[in-house]
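The structure appears below as structure tokens.
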Amino acid sequence: MSLLLKYPNITESEDQRLVYHHRGTKVHIDLEVMGAAAWASNPRTTRVHTVAPADCPRRRLNSMVPILHPSVLLLTKLLPWKEADQTTRVARHMRARTDLTDIRTILQWLVDKKARIDFSGLPGIPKGKLMRLLGRLYQTEQRARPYLSLTLSADEMRDAGYCR
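For the sequence shown, the working numbering assigns the number 741 to the last residue and increments by one with no breaks.
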């Protein structure tokens, strides 16, 4: 966050949210900070997806914005979702619900774009570990199943422990 505050049009609000100032308009920016997890990918070394202004019609920004590619972002959310889902603390369990919503949204985006989950985006994590997490997602979340079957190959489905 401190790096972003170095930009001239970005400030911090009283509630410690980032604010982007654009032509007299304040746009509050919510960030999710993933911490220093060893498996977290460096966005500069993995696939990115570029969002154009036309992709966000309510925004008036005129520049392209590179973001972590959704197929990689999905993988970064699996471990925090699993850990939060298994906790007994209410706050962490609620976090699992928001992670799950994000996961389903990303899976829907991948299906809409006819894209596959990209395991090469997290080179520091064994594919087998990611497949086990996807297998758990498949077993516990019925609404995610159709999306998983469309974003994984038949071999990947089998490796995750379920069949098409």
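Glycine is no exception: its CB is placed at the ideal position from the N, C-alpha and C atoms.
The continuous stretches of beta strand (DSSP E) do not include THR665, and DSSP gives it neither H nor E. LEU687 is positioned such that its CB atom lies closer than 8 angstroms to that of SER648. In this structure, LEU656 lies away from LEU714, with their beta-carbon atoms at least 8 angstroms apart.
In the three-state scheme derived from DSSP, where H, G and I count as helix and E and B as strand, HIS670 is classed as helix. Membership of TYR597 in any alpha helix (DSSP H) is not indicated; the residue belongs instead to the beta strand (DSSP E) covering 595-599.
ARG693 is a Cβ neighbour of THR728, given a cutoff of 8 angstroms.
LEU582 sits exposed, since fewer than 16 C-beta atoms from the chains shown fall within 10 Å of its C-beta.
Judged by their CB atoms, ASN586 and HIS599 are nearer to each other than the 8 angstroms cut-off. Counting the other CB atoms within 10 Å of its CB gives TYR584 a total below 16, which places it among the exposed residues.
Excluding the 5 residues flanking it on each side, LEU725 has same chain C-beta neighbours closer than 6 angstroms at TYR715, in chain order. Shown here for THR664: same chain residues with a beta carbon closer than 7 angstroms to its own, the five before and five after excluded, namely HIS670 in chain order. Distances from the CA of ASP732 to each of GLY705, ALA721 and GLU589 were compared; the closest alpha carbon is that of GLY705.
For LYS706, the three-state secondary structure derived from DSSP is helix. If the five residues before and after THR717 are omitted, its C-beta is found closer than 6 angstroms to no C-beta atom of its own chain.
When the beta-carbon positions are compared, PHE696 and LEU707 come within less than 8 angstroms of each other.
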